[in-house]
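Novice:
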Amino acid sequence: MDNIILISVAALGGVGLVAAVILFFIAKKFKVYEDPLIDDVEEALPAANCGGCGFPGCRAFAEATVKSAKDTRSLEGLNCPVGGNDTMQTVGSVLGLEVEASDPLIAVIRCNGTPTNHPAKVKYEGATSCSFAHALYGGEGGCQYSCLGLGDCEVACDFEALYMNAETGLPVVNDKCTACNACVVACPRDIIELRKRGPKERRIFVSCVNAEKGGPAKKNCQTACIGCSKCEKVCKFDAITINSFLAYINFENCTLCRKCVEVCPTNAIWEVNFRPRKPKAEKPASVIERKTETPVDTGKPIPLTVTAIAEEQPKKESDQNNKENKD
Amino acid sequence: MGILKTFALGGIHPEENKLSANAAIETLAVPEQAFIPMGQNLGAPSKPVVKRGDKVKTGQLLAEASGFISTPIHSPVSGTIFKIDNTLNSSGYKQPGIIIKVEGDEWEEDIDRSDELVTTLDYTTEQIIDKVKKAGLVGMGGATFPTYVKLMPPPGNTAEYLIINGVECEPYLTSDHRLMLEKGREIVVGTQLLMKALKVTKAIIGIENNKPDAINHMTELVKNADGISVQALKVQYPQGGEKQLIKAIVNREVPSGKLPIAVGCVVQNVGTAFAVYEAIQKNKPLIDRVVTVTGKAVKKPSNFLVRIGTPIKNLIDAAEGLPEDTAKIINGGPMMGKAITSTDIPVVKGSSGILLMEKENAHRKTESACIRCSKCTYVCPMGLEPFLLSKVSKLGKFDIAEDEMIMDCIECGSCQYTCPASIPLLDYLRLGKNKTGAIIRSRGKTG
Chain L
48 MDNIILISVA ALGGVGLVAA VILFFIAKKF KVYEDPLIDD VEEALPAANC GGCGFPGCRA
108 FAEATVKSAK DTRSLEGLNC PVGGNDTMQT VGSVLGLEVE ASDPLIAVIR CNGTPTNHPA
168 KVKYEGATSC SFAHALYGGE GGCQYSCLGL GDCEVACDFE ALYMNAETGL PVVNDKCTAC
228 NACVVACPRD IIELRKRGPK ERRIFVSCVN AEKGGPAKKN CQTACIGCSK CEKVCKFDAI
288 TINSFLAYIN FENCTLCRKC VEVCPTNAIW EVNFRPRKPK AEKPASVIER KTETPVDTGK
348 PIPLTVTAIA EEQPKKESDQ NNKENKD
Chain P
252 MGILKTFALG GIHPEENKLS ANAAIETLAV PEQAFIPMGQ NLGAPSKPVV KRGDKVKTGQ
312 LLAEASGFIS TPIHSPVSGT IFKIDNTLNS SGYKQPGIII KVEGDEWEED IDRSDELVTT
372 LDYTTEQIID KVKKAGLVGM GGATFPTYVK LMPPPGNTAE YLIINGVECE PYLTSDHRLM
432 LEKGREIVVG TQLLMKALKV TKAIIGIENN KPDAINHMTE LVKNADGISV QALKVQYPQG
492 GEKQLIKAIV NREVPSGKLP IAVGCVVQNV GTAFAVYEAI QKNKPLIDRV VTVTGKAVKK
552 PSNFLVRIGT PIKNLIDAAE GLPEDTAKII NGGPMMGKAI TSTDIPVVKG SSGILLMEKE
612 NAHRKTESAC IRCSKCTYVC PMGLEPFLLS KVSKLGKFDI AEDEMIMDCI ECGSCQYTCP
672 ASIPLLDYLR LGKNKTGAII RSRGKTG
């Protein structure tokens, strides 16, 4: 009896030993060298694996940064939008490099086709998918550039930063946005753009992507950009260009002077998070968007207050409204 | 007649509702303004050759083909070019088009406008194909594939059968039916010309059994025509699909990703056969077509011979107006047609009918969960699993969709029609097909 136990233990032990020796040499022979820095960099990344950096996951981004640091001694063109500057600084310190601070970005919705501005003429019944609806027809209100309101961007967002507002039928972006680009890719109509968050979250942008001539554009939507080029003329900083009847504000040149907002006849240019203007001002802010100040703890998206004055009353009365808003 | 032929897999039999079957084809008045979109064929849109202010005659060339799979467009009216601008297409998207202000109706001199039947077949293959190409002919069934491309089999393939599609399996539509009854002789001559172009000796006209008058009429007419026969078919949707029709008539299966020519067949619509006759014997380019205007509430369901470019509202007016409880206007038949967003959109080469749906039937039912009843799989004429394909398309798993042959889907809508849970299966299938197709093309490989 004892013999059997001894033999089994010895035999198994022997097999184990031989296998271990073989494995040891194989492991030595076929060892793949991996820079330990990659692990260190990966540690510093947010592990969201969102792909916002352009690489498939955080590990791939870490590899790319280490490679770039070795080859060129810089991290140019590499940025983790989710982690932002802090993360990139940490990555830089791990790799012993100075990283230039980049401006944080945020997704902006370039359509204001609310039911009031862009009334529906037909009703869509079908699959809840923007890309399908986009392939199928022009849109409920007739503007073929407008938001379809079926929420492909909301589905694409991994950060609960974007949700569809049931009232306006448009997506709303909140502070959780990490500028990962997923919604930009998901939108079949290229309505969403990543723009600078701006100082104190202040931004100015053209909230329209309609490239039609003024007449047809205005026919479908009250607040469409009609390509009148008033804003282009008033801008002293060459920030505004008009391309196929559509104004575009280059946020690199824009100084947030708000002159263009004043002259826009259709309120297509939005100013966000500015203080209300002085009562003297001819025209009010078209939109006042309040930044959420409470820390995010509910896990649910926090709605921003969006007031589109252009929707509510004609221009003269809106002056009045602005006065009330002032304090 | 014994057991009627039909295709092997799936299929449905929706209510036929051929309300306008007895309405003779009426010629509709020329519109005041004609809107001619440049993209009227499958493939590349045409390129305008006229400019603003030009005077054009009916039948004059307006736009030329801009590629291999592209066709020229001729002026359906005479008048002045008012604008070359964006016009609405049937999806509600703006698309380059020509707007003509109509003045009188002056035709090009070399077009024979008489009703006299010309039966000479004294043409070579090349002459026929060239004329078909120059006349801007496309598949009149709705797919609008340039006809001349179909007449030139790729090297290594030879056509054996010409199949003329008189099935008209879509409910409500009757334009092909009326055309066979009223222009049967011309269709037979057109078929003979097509046979000559394809160098085939056998042509079969397939007609569903719900059109006994057309079957009898065509059978009578082909008695003296060598090699042409008429085949009555069991009523089954989507028998008008090329692959289904070939299976039904000659019992051959077109392999996945291949064209009918791979099994020696070429399928042409009866409308195309008629257009071929007109193009060759009468020198008339494709400038008009028969369009059915129908619907349960329509006062006068009709079949109109309409010039291309006529706004759809003119047709509705001619059918004694828009019924009050119309909730949806469909361009095409109820199964494969597309709801339109404006009645300003014009009739194009591929328009086969305008269906005005009343409120009761227009709206979709509320979607509920899939209960795995597998009805969609039973009715799929291509042997696919629509429930699976729509699910993977919804989830964006296009690799699975490709493996499960989503590209074979003919978008007939049988699955969605039969789904007891009213799931928009076809919507997601179309989405998946679009995306999968784009992925496949980006890889640079076919099917």
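Line order of the protein sequences matches chains L and P. Those letters in the first sequence? Residues 48 to 374, by the working numbering. Those letters in the second sequence? Residues 252 to 698, by the working numbering. Yeah, the Cβ is synthetic: ideal placement off N, Cα and C, and Gly gets one too.
Is the distance from the Cβ of Q387 of chain P to the Cβ of P536 of chain P below 7 Å?
Specialist: Note on identity: in this sequence residue 387 of chain P is Gly, with Gln being the wrong assignment. Going by C-beta atoms, G387 of chain P is nearer than 7 Å to P536 of chain P.
Novice: Just the chain L side, please: which residues come within less than 8 Å of I682 of chain P by C-beta, in chain order?
Specialist: The sequence as given places Leu at residue 682 of chain P; Ile does not occur at that position. Residues of chain L passing the Cβ test: A174, S176, S178, F179 and A182.
Novice: In chain order, which continuous runs of the alpha helix (DSSP H) of length 4 or greater are located wholly inside the segment 110–163 of chain L?
Specialist: The segment 110–163 of chain L contains these whole alpha helix (DSSP H) runs: 131–142.
Novice: Report yes or no: is there a C-beta of chain L within less than 7 Å of the C-beta of T577 of chain P?
Specialist: It does not; no Cβ of chain L falls within 7 Å.
Novice: What number of angstroms, rounded off, separates the C-alpha of G683 of chain P from the C-alpha of R324 of chain L?
Specialist: Cα to Cα, G683 of chain P sits roughly 49 Å from R324 of chain L.
Novice: What residue ranges within the segment 541–596 of chain P form continuous alpha helix (DSSP H) runs of no fewer than 4 residues, ordered along the chain?
Specialist: Correct list: 563–569.
Novice: Excluding sequence positions up to five away, which residues of its chain have a Cβ less than 8 Å from the Cβ of L293 of chain L?
Specialist: Answer for L293 of chain L: V253, C255, V256, N257, A258, C272 and G274, listed in chain order.
Novice: Buried or exposed: which applies to T302 of chain L, given that a residue is buried once 16 or more other Cβ atoms fall within 10 Å of its Cβ?
Specialist: When all chains shown are included, T302 of chain L counts as exposed.
Novice: Please classify F319 of chain P: does DSSP put it in a helix, a strand, or coil?
Specialist: Coil.
Novice: Could you tell me whether the Cβ atoms of V521 of chain P and M431 of chain P are closer together than 7 Å?
Specialist: Closer than 7 Å, so yes.
Novice: What are the uninterrupted segments assigned as beta strand (DSSP E) that are 3 or more residues long and contained completely in the segment 351–423 of chain P, given in chain order?
Specialist: Listed in chain order, the complete beta strand (DSSP E) runs (minimum 3 residues) inside the segment 351–423 of chain P are 412–417.
Novice: Check whether the segment 217–236 of chain L touches the segment 195–205 of chain L, counting contact only when three or more Cβ pairs, one atom from each stretch, lie closer than 8 Å.
Specialist: In short, these stretches touch, since the Cβ pair count reaches three.
Novice: For F108 of chain L, which residues in the same chain have their Cβ closer than 6 Å to its Cβ, ignoring the five residues on either side in sequence?
Specialist: C100 and F102.
Novice: Applying a beta-carbon distance threshold of less than 9 Å, which residues of chain L neighbour R615 of chain P?
Specialist: Near R615 of chain P (Cβ distances below 9 Å), the residues of chain L are E172 and G173.
Novice: Taking all protein chains shown into account, decide if S693 of chain P is buried (16 or more other Cβ within 10 angstroms of its Cβ) or exposed.
Specialist: So S693 of chain P counts as exposed.
Novice: Would DSSP call G262 of chain P helix, strand or coil?
Specialist: G262 of chain P falls in the coil class under three-state DSSP.
Novice: Terminal residues of the continuous alpha helix (DSSP H) containing V527 of chain P?
Specialist: Where V527 of chain P is concerned, the enclosing alpha helix (DSSP H) stretches over V521 to Q532.
Novice: If I measure Cβ to Cβ from Q191 of chain L and keep anything under 7 Å in the same chain, skipping five residues before and after, which residues do I get?
Specialist: Only G185 meet the Cβ criterion.
Novice: Can you list, in chain order, the residues of its chain whose CB lies under 7 Å from that of C666 of chain P, leaving out five sequence neighbours each side?
Specialist: Taken in chain order, the residues that qualify are C627, V630, C631, P637, L676 and L677.
Novice: Can you name, in chain order, every residue of its own chain whose Cβ lies under 6 Å from the Cβ of M211 of chain L, other than the five neighbours on each side?
Specialist: Closer than 6 Å at the Cβ level, and outside the excluded window around M211 of chain L, lie G198, E201 and P218.
Novice: Going along chain L in order, which residues have a C-beta closer than 8 Å to the C-beta of P675 of chain P?
Specialist: Neighbours of P675 of chain P on chain L, chain order: G173 and A174.
Novice: Could you tell me the alpha carbon to alpha carbon distance between T502 of chain P and F258 of chain P, rounded to whole angstroms?
Specialist: The displayed chain sequence assigns Asn, not Thr, to residue 502 of chain P. Distance between the alpha carbons of N502 of chain P and F258 of chain P: 8 Å.
Novice: Drop a sphere of 10 angstroms on the beta-carbon of R120 of chain L, count the other beta-carbons inside from all chains shown, and report buried for 16 or more, exposed for fewer.
Specialist: Its Cβ having fewer than 16 others within 10 Å, R120 of chain L is exposed.
Novice: Under 9 Å Cβ-Cβ, which residues of chain L neighbour T592 of chain P?
Specialist: Under the 9 Å cutoff, chain L gives K168, V169, Y184, G185, G186, E187 and G189.
Novice: Helix, strand or coil for H325 of chain P per DSSP?
Specialist: Looking at H325 of chain P - three-state DSSP - the assignment turns out to be strand.
Novice: Let me confirm a value: P235 of chain P is counted as buried when at least 16 other C-beta atoms fall within 10 Å, else exposed. Which label applies?
Specialist: Lying outside 252 to 698, the shown extent of chain P, residue 235 of chain P is not represented and no answer is given.
Novice: With a threshold of 6 Å, establish whether the CB of N273 of chain P neighbours any heavy atom of the ligand ATP.
Specialist: Only the bare structure without any ligand can be found here, which leaves the ligand ATP out of the picture.
Novice: Of all the CB atoms in chain C, is at least one closer than 7 Å to the CB of D678 of chain P?
Specialist: Structure shown: chain C not included; protein chains present are L and P.
Novice: Which whole-angstrom value describes the C-beta separation of L152 of chain L and L92 of chain L, a residue pair presumed to lie in contact below a C-beta threshold of 8 Å?
Specialist: In fact, because the Cβ distance is near 18 Å, the residues do not count as touching under 8 Å.
Novice: In chain L, what lies closer than 8 Å to S342 of chain P by C-beta?
Specialist: The contacting residues are L183, Y184 and G185.
Novice: When you compare the CB positions of T279 of chain P and A526 of chain P, do they come within less than 7 Å of one another, or not?
Specialist: At residue 279 of chain P the sequence reads Leu, which differs from the Thr that was named. Not in contact: L279 of chain P and A526 of chain P (Cβ atoms no closer than 7 Å).
Novice: Excluding the five sequence neighbours on either side, which residues of its own chain have a C-beta within less than 7 Å of the C-beta of D82 of chain L, listed in chain order?
Specialist: Around D82 of chain L: V113.
Novice: Going by DSSP, name the residue or residues bridged to E277 of chain P.
Specialist: DSSP, once it has assigned bridges, lists P:F555 as partnering E277 of chain P.
Novice: So who's on the other strand from P347 of chain P, going by DSSP bridges?
Specialist: In DSSP, P347 of chain P forms a bridge with P:N337.
Novice: Just confirm the distance between the C-beta atoms of G441 of chain P and A499 of chain P, as a whole number of angstroms; I'd bet it's less than 8 Å.
Specialist: G441 of chain P to A499 of chain P, Cβ: 22 Å. No contact.
Novice: If you measure between the beta carbons of I661 of chain P and G492 of chain P, is that distance less than 7 Å?
Specialist: Yes; because the gap between Cβ atoms is below 7 Å, this pair is in contact.
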